Amino acid sequence: MKWTALLFTDINMFYKDSTTQSKNFCFLLLPQLHLIDTESHGASALKTTILSFCSYVQWVPGSDVVVAQNRGNLCIWYSIDSPESITMFPIKGDIVDLERTDGKTNVIVTEGVNTVTYTLDEGLIEFGTAVDDGDYDRATAFLETLEMSSEAEAMWKTLSKLALEAHQLHIAERCFAALGDVSTVRFLHQTNQIADKVSQETGGDGTEFFEVQAHVAMLDKDFKLAEMHYMEQNALDEAIAMYQELHMWDDSIAVAEAKGHPELDSLRGNRYQWLMSTGQDEKAGEVKESEGDFQGAINLYLKAGLPAKAARLAISRPEITNNSDTVGRIAASLIKGEFYERAGDLYEKIRNNQRALECYVKGGAFRKAVELARLAFPAEVVKLEEAWGDYLVQQKQMDAAINHFIEAGCSLKAIEAAIAARQWKKAVHILALQEDSSAGKYYLKIAQHYASVQDYELAEELFVKGGHIKDAIDMYTAAGHWEEAHKLAVKCMTEKEVMALYISRAQELERDGKFKEAERLFATVKQPDSAITMYKKNRMFDDVIRLVAKHYPDVLTETHKHLAEELEAESRFSEAEYHFMEAGEWKAAVQMYRVNDMWEEAYRVAKSHGGNGAQQKVAYLWARSLGGEAAVKLLNKFGLLEYAIETASNNLSFDFAFDLARLSCKEKTPEIHLKYANFLEDEGKFPEAEAEFVKAGKPKEAVLMYIHNKDWASAQRVAEGHDPESVSEVLVGQATFCFEQKEFQKAEAFLLRAQRPEIAIKYYKGAEMWTDAMRICKEYLPNKLSVLQEEYERETSKKGNRGVEGLLEQAQEWEQAGEYSRAVECYLKMKDDSNTNLMEKYWMRAAELSIKFFGGDRAIEVVRVVGPRLTQLRKYNAAAELYLDLDLIKEAIDVFIAGEEWNKAKRVAKELEPRYMDYVDQKYKDHLKDQGNVDSLVGVDVIAALDMYADRGQWEKCLETASKQNFKILQKYVALYATQLIKEEDPIKALQLYIHHGAPPSPQNFNIYRRLFLDIISLSDTDAPESYHMWADLRNFLLQLCENMSRSAEADSAARDDFEQFLLIAHYSATRSAAKGVEQLITIAAKLSVSLLRHTEHIPADKAFYEAGLACRAVGWENMAFIFLNHFLDLCDAIDEGTLDALDHSDFMDTDIPFEVPIPSKLCVTDAQREQIRDWVLMVSMDNRLEQVLPQDERNSYEASLVAANTGLRSLPCILTGYPVLRNKVEFPPVGKAANKEDWNKFLMATKTTHSPECQDVLKFINQWCGGLGASGFSFH
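With UniProt numbering applied, the sequence shown covers 1 to 1277.
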């Protein structure tokens, strides 16, 4: 279906393709909307696709506005003359109609069940109405009210075109001014001035003036019409001037020739000069040729690189061909341009046949070469024919090459060409004529072709001639011609090959379902395995068994078993049972029936083949699968009820056993409970086991279970509740456990409760606790006391002493008798490592007795014995008290020190013997150091503590402690830590130290500051935006240092100048990182990288030039990028060699980039990055499109140099870019601080628009550094 809609002006037409059908297939194409310019006619009509997937299109009534729908978009063209100017709105439904009422135009859209209207811009529609009415002034006035947009631009273009057609030139001028077409506006303005002047002078319509009409024709690029207007008024010079201004010299000269202009020769000379000056050598040559200057024309053609055109002219002019010099130059140019055929024509023209023949061959013009050879070199004709054939083969023209090879006598090449060209009959014909045996290799390929087209007879003949009989057999085999294949096979194949042939044929018969025939073929070649596999694959198991029994009787059983398993998997149970029985696997048959819940069959098989035991087991499993009363009935039927209960209990199937007992045999229940209880006990489920033991009437078993597991409370509970006679056993067991744990009192209590004191006496004796044993015996078994005492006496006599108890008793007896010396000796003899409290008590008693009754040396002697013993028992206070009682101050202090009772030691020294104060303090310090207790050492000796923190690497603790002391101490340890971090190649962390703790202007720290700066500036990959905070920290640190130095004795020192330079470098680096994070400031970042080159005495030179080169390349400054990266590569080579002596600095003469710089220890880039730069530099140098010169400014000096090359005057560096500040500067309060106004304003504007925190921080720093932001100022939000 096709439909059209005509515009009111009948200029444009829309048509819509809905569907397209082909002859064999029907398919739907998505519709497209086309715009056709009907001012063109026929095939030349301009057709433009303006919308795809168009489902609706319509004109707005009474206007040139078009409305269409593209899927989910409403599309509007307010000016259809500019189809690219389209307004689109998203919609959710389909457009159904347009309405134009009450001065409004609505597009009606259905969105499901709702109808929505979209109102068009009536002002834009009004423009079209004004244009249709020809009221261009109203259209202009309307457009002037609109802001410039794509729709407005399209309408200005439409109006400009219509105004020109209507000769309303002032309106056209206004239109082009709105469109920004300055050149057209200027031309129309000149035209309007001419028209206005003519109107004033004549009073008529100035647009009818011939010059105005000529200008309008020129605007429409109709120069012949403009010429006509000039010539009608005999304005010959104006027409010539028009063509000259347009560089249309041929038309200018044609006009001059037609009118016999007196300056014709001058015009021709001017044209020639213009052609030469503009490099149009070909056109100038044509002029020379037309004027008859053939030699000059040839020279110009050669200069223009057109040797073929020069050769054509030379061949046509005999006087040129006689000039050997000219011919030689033409020929050389032709050969250089590889125009060999044309060079051959030229050489043949001058009768240089040898060179002509060479050129023809090189150019592939063999026809001309052969024709020339037949006349001049007959002996070369055969070689040329072969070369011609080879050339045609290279050009893939195989058919044409055949005859040339035949002419050359190259039969093999002719055959190869015929095969490649698929000229099979010609190849066979040529091959048949060959007597050379080497041609036999082609038989195979030709035969394969005839086999593919089923010409088997000819193919066989060729295979046999070529000695490829096996291939012939394969051909017949593949084609199914078995008889022919067998004939050939018998002649030439081995037994193995015949076997392969028969097996292949048998497999084909198998695929056709002819199994018996296939078996016979397998049998013929003695391959029963293949036949068995065939029958098995086709599920013909009887034949499988037959063949296995016949050929492999030893694996027949395994075969039966394997087949049974397969049949079982297929649920063919009866057949599977047969094979299981044949294999003697009746258990597998039973298991098969069990798994498939076929219990009667399983019971039948077990009864028939497994005997009584198997029959009972299957019956039990059958009953278990049934459960409940059905199981009881089944077991009663077979008389296996008690067997089933016993089996269930033994197999831990207690639920099933309880069910059977509950339904039919309740007297078996206790027995089941007992077995269940034993099972639960083994599983560690003691509470459940207890319940089962009680149910089984065996509570004592539960008590023994708990006793075994030492659960005394549970054992006691069960015994008291169910078996009181077992309570005594529980108590004895518990007492035994307590004795093992050395809880003698508890054990004694349990045994007395059990009324078994004799066991308590036995345990005490075993533990050699004779006193307790005698106590129990005396109280509960007094009749056995004498026997026990006699036993005790025997034991002590065996050991040679009476033990601690004996010594204690003897000591107390001596004390009561007033024999204090002997009492003391007994007390001192007492030793019991297991009872330190007892030892302390009686050793103290010995000391007390000696002090009280002896005094003097005897008392001191005893105390010197007891003191170390008490110290060994860690009874420091008791030992010290004894020493103090005898005024042994030093010994008391040493005891307190041994017990780390430092306060008591100090108090004793202070109050009783002050001369020991230093002794205690030194011991305390030594102790803290030995223990590593630095925190406590701080309160005693802070410097020692800080040194220990530093030695241990506890720098945070060290600095925290030092910060509580004076600033000098803090800075000492900050410097030590910073030095260590620098050695560990962590300068950034060292920088953070000084950021946090300040940078004092101490000269002894200056080397640290320098090393810190140099290490950070040498880091690689630090010019990215992510590195800003590192550079900002370094910059702020250096600013703080410089300000501190300005207020110190170092204010005028050389060191301050160095740090001021470091500060400037850090500021440039920080500003560069900030600028790289803002796209508008990328050029400022590049300028900063370039400015940093003047500081390469501090910055590693390779790093500086690498970063500057990449930055320049990123912003398109390719000259500078090439120079910097080339120098970077030179630096890399110099670093590899270890010297900069051979470095070329010629590119940087008259700049402030230093030549004498330190040689870096290592490269700042990887080998891969270095090679990438080398490749780029090599590529640029090969292009020869760049000049290796640095850009210059108004001083005729390198634009980034602060020092003018001619005058030596030094300009201030811009604080923002580092470039020299020449004019239009922004000044800052400190002397020597300024910025280029353009860069400053650009930075301020980018900061305001992007709100970059890094750029804002840069301005804050400048504000602090320079004491303000100059005249421009800046505020942060």
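For every residue, glycine included, the Cβ atom is placed at its ideal position computed from N, Cα and C. Since we're looking at a predicted model, the values are computed, not measured.
- Per the DSSP secondary-structure output, Phe-89 pairs in a beta bridge with Leu-74.
- Uninterrupted alpha helix (DSSP H) stretches at least 4 residues long and entirely within the segment 989-1049 occur at 1006-1017 and 1028-1046, given in chain order.
- The beta carbons of Val-732 and Arg-756 sit closer together than 8 Å.
- Beta-carbon to beta-carbon, Leu-1216 and Ile-1084 are separated by about 7 Å, close enough to satisfy the 8 Å threshold.
- Under DSSP, Cys-410 takes part in no beta bridge, so it has no partner.
- Around the CB of Thr-105, 16 or more other CB atoms lie within 10 Å, so the residue is classed as buried.
- Beta-bridge analysis with DSSP links Pro-1220 to Pro-1213.
- Taking the Cα positions, Asp-772 is about 11 Å away from Gly-766.
- DSSP places Ala-68 in the strand class (E or B) of the three-state scheme.
- Minimum Cα-Cα distance from Ala-154 among the listed residues Leu-431, Phe-744, Met-88 and Trp-77 corresponds to Trp-77.
- Taking a 10 Å sphere around the C-beta of Asn-1007, we find fewer than 16 other C-beta atoms and assign the residue as exposed.
- In this structure the segment 1242-1250 does not lie against the segment 1016-1030, because fewer than three pairs of beta carbons, one per stretch, are closer than 8 Å.
- Annotated three-state conformation of Asp-97 is strand, per DSSP.
- With contacts defined as CB atoms closer than 8 Å, Ser-150 and Ser-85 qualify as a contacting pair.
- For Thr-49, same chain residues with a beta-carbon under 6 Å away, outside a window of 5 residues either side, are Gln-32 and His-34 in chain order.
- Beta bridge pairing from DSSP links Asn-1236 with Lys-1225.
- Annotation: Gly-1267 to Glu-1227 spans about 11 Å, alpha carbon to alpha carbon.
- DSSP, reduced to helix, strand and coil, places Val-107 within a strand of the structure shown.
- Distances from the alpha-carbon of Trp-843 to those of Val-548, Lys-829 and Tyr-977 put Lys-829 closest.
- Your pair Ile-402 and Lys-426 checks out as a contact, with CB atoms roughly 7 Å apart and the cut at 8 Å.
- Here the C-alpha atom of Glu-1156 lies approximately 21 Å from the C-alpha atom of Ser-1197.
- As a beta-bridge residue in DSSP terms, Thr-119 pairs with Asn-106.
- Beta bridge pairing from DSSP links Val-1203 with Arg-1210.
- DSSP links Val-57 through a beta bridge to Ala-68.
- Asn-1036 is a Cβ neighbour of Ile-995, given a cutoff of 8 Å.
- Residue nearest to Asp-1183 within the set Ala-177, Asp-986 and Phe-1122 is Phe-1122 (criterion: CA-CA distance).
- When DSSP reads this structure, Asn-114 sits in a beta bridge with Glu-111.
- Annotated three-state conformation of Gln-741 is coil, per DSSP.
- Taken through DSSP and simplified to helix, strand or coil, Gln-1192 comes out as strand.
- Between the segment 1093-1108 and the segment 1126-1140 there are three or more C-beta pairs closer than 8 Å, enough to call the two in contact.
- Where Gly-766 is concerned, the enclosing alpha helix (DSSP H) starts and stops at 757-766.
- Between the segment 1051-1059 and the segment 1073-1087, the count of C-beta pairs closer than 8 Å stays below three; the two stretches do not touch.
- DSSP places Tyr-1068 inside the alpha helix (DSSP H), whose first and last residues are 1054-1076.
- Beta-bridge pairing by DSSP links Tyr-1198 to Gln-1192.
- The beta carbon of Ile-1159 sits closer than 6 Å to those of Leu-1140, all from its chain and outside the five residues before and after it, given in chain order.
- Taking the Cα positions, Phe-89 is about 12 Å away from Val-107.
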